[in-house]
Amino acid sequence: GGAGGAGGGARKKIKLTDHERRLLGWHWANLEYGCSAPLSKISMAHWNQDETYGGFGGKHAMVKGGYGAITSAMSDGIDVRLGVAVTSITTRADGDADGDAGGVVVTTSTGETHEGAACVVTIPLGCLKNGDIAFDPPLSEKKRTAIERLGFGKLDKVVMEFTEAFWDEDVDYFGAARDDDDEEEEKDRDDA
Numbered sequence: 043g044g045a046g047g048a049g050g051g052a053r054k055k056i057k058l059t060d061h062e063r064r065l066l067g068w069h070w071a072n073l074e075y076g077c078s079a080p081l082s083k084i085s086m087a088h089w090n091q092d093e094t095y096g097g098f099g100g101k102h103a104m105v106k107g108g109y110g111a112i113t114s115a116m117s118d119g120i121d122v123r124l125g126v127a128v129t130s131i132t133t134r135a136d137g138d139a140d141g142d143a144g145g146v147v148v149t150t151s152t153g154e155t156h157e158g159a160a161c162v163v164t165i166p167l168g169c170l171k172n173g174d175i176a177f178d179p180p181l182s183e184k185k186r187t188a189i190e191r192l193g194f195g196k197l198d199k200v201v202m203e204f205t206e207a208f209w210d211e212d213v214d215y216f217g218a219a220r221d222d223d224d225e226e227e228e229k230d231r232d233d234a
């Protein structure tokens with residue numbers, strides 16, 4: 043155990059049975075799955091995505107027809123260009139000597155420019171972290187810090203449909219509590 047428990051005292055290490063260790067490993071993996079990141083990288087204050095006020099409370103659901111149905115409806119009547127990368131976004135100062143009212147100029151990898159009063163940026167966090175788009179003027183320190191501190195991970199879901207239930211239908215969910223044979227993973231959990 044290490045120092046740093048509540049009140050600054052040392053943490054006490056407890057010995058778990060194999061069964062308890064497998065159950066703890068299952069809960070640990072279930073939380074990491076839900077957060078799509080190792081628990082060592084999750085904020086203690088903001089980790090619970092299922093909390094009533096911390097995320098989307100209530101029943102989980104699937105969108106009929108997939109999420110594409112939502113984006114298709116939202117983009118109806120909008121000129122959407124797929125496969126064209128944005129390389130820079132320039133915000134012009136409000137008003138100039140030529141009567142320009144300001145706004146935004148977006149430049150693409152093909153050299154095209156698009157002008158508008160505003161630009162809604164919805165690029166993946168990884169692109170922001172990589173600096174794939176040049177912002178002029180540069181993003182504020184507050185925004186750059188937020189981009190740096192935010193994390194993301196990969197989350198795969200598989201949905202299976204069966205003609206009839208072969209499990210106890212009163213059970214909300216189930217999982218496998220495997221033997222922990224990954225020494226590095228076990229060390230990471232012991233150090234947490």
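Using my numbering, the first residue of the sequence shown is number 43, and each one after it goes up by one.
We put the CB at the ideal spot given by N, CA and C, even for glycine.
For this session: In angstroms with no decimal places, state the Cα-to-Cα distance between I120 and N72.
Result: Straight-line measurement puts the Cα of N72 at about 40 angstroms from the Cα of I120.
For this session: Buried or exposed for C77, please, with buried defined as at least 16 other CB atoms from any protein chain shown within 10 angstroms of its CB.
Result: Within a 10 Å sphere around the beta-carbon of C77 sit 16 or more other beta-carbons, which makes this residue buried.
Problem set entry | Pair within 8 angstroms by beta-carbon distance, V146 and C169 | The Cβ-Cβ distance between V146 and C169 does not fall below 8 angstroms.
Problem set entry | DSSP beta-bridge partners of I131 | Looking at the DSSP assignment, I131 forms a beta bridge with V148, F177.
Exercise. Do R64 and A207 have their CB atoms nearer than 8 angstroms?
Worked result: No. Outside cutoff.
For this session: With a 10 Å radius around its C-beta and 16 neighbouring C-beta atoms as the bar for buried, classify V31 as buried or exposed.
Result: The displayed coordinates of the chain run from 43 to 234. Any statement about residue 31 would go beyond what the structure contains.
Problem set entry | Segment limits, alpha helix (DSSP H) that includes E74 | Judged by DSSP secondary structure, E74 falls within the alpha helix (DSSP H) whose first and last residues are 60-77.
Exercise. By Cβ distance below 8 angstroms, which residues in the same chain neighbour V201 in space, the five residues on each side in sequence not counted?
Worked result: Excluding sequence neighbours, V201 sits near M104.
Exercise. Per DSSP, A158 forms a beta bridge with which residues?
Worked result: Per the sequence presented here, residue 158 reads as Gly, with Ala not at that position. Beta-bridge pairing links G158 to V146.
Exercise. Three-state secondary structure (DSSP) at A111?
Worked result: A111 carries a helical assignment under DSSP once its states are collapsed to helix, strand and coil.
Problem set entry | Extent of the continuous alpha helix (DSSP H) to which G168 belongs | 167-172 is the span of the alpha helix (DSSP H), which, as asked, contains G168.
Problem set entry | A188, DSSP secondary structure in three states | Here A188 sits in helix by DSSP.
Exercise. Hey, would you say I189 sits closer than 8 angstroms to I175, going by beta carbons?
Worked result: In this structure, I175 does not lie closer than 8 angstroms to I189 by Cβ.
Problem set entry | Exposed unless 16 or more other CB atoms sit within 10 angstroms - verdict on G67 | The residue is buried, with at least 16 neighbouring Cβ atoms inside 10 Å.
Exercise. Do you know offhand how far A159's Cα is from K199's?
Worked result: Note on geometry: alpha-carbon atoms of A159 and K199 lie some 39 angstroms from one another.
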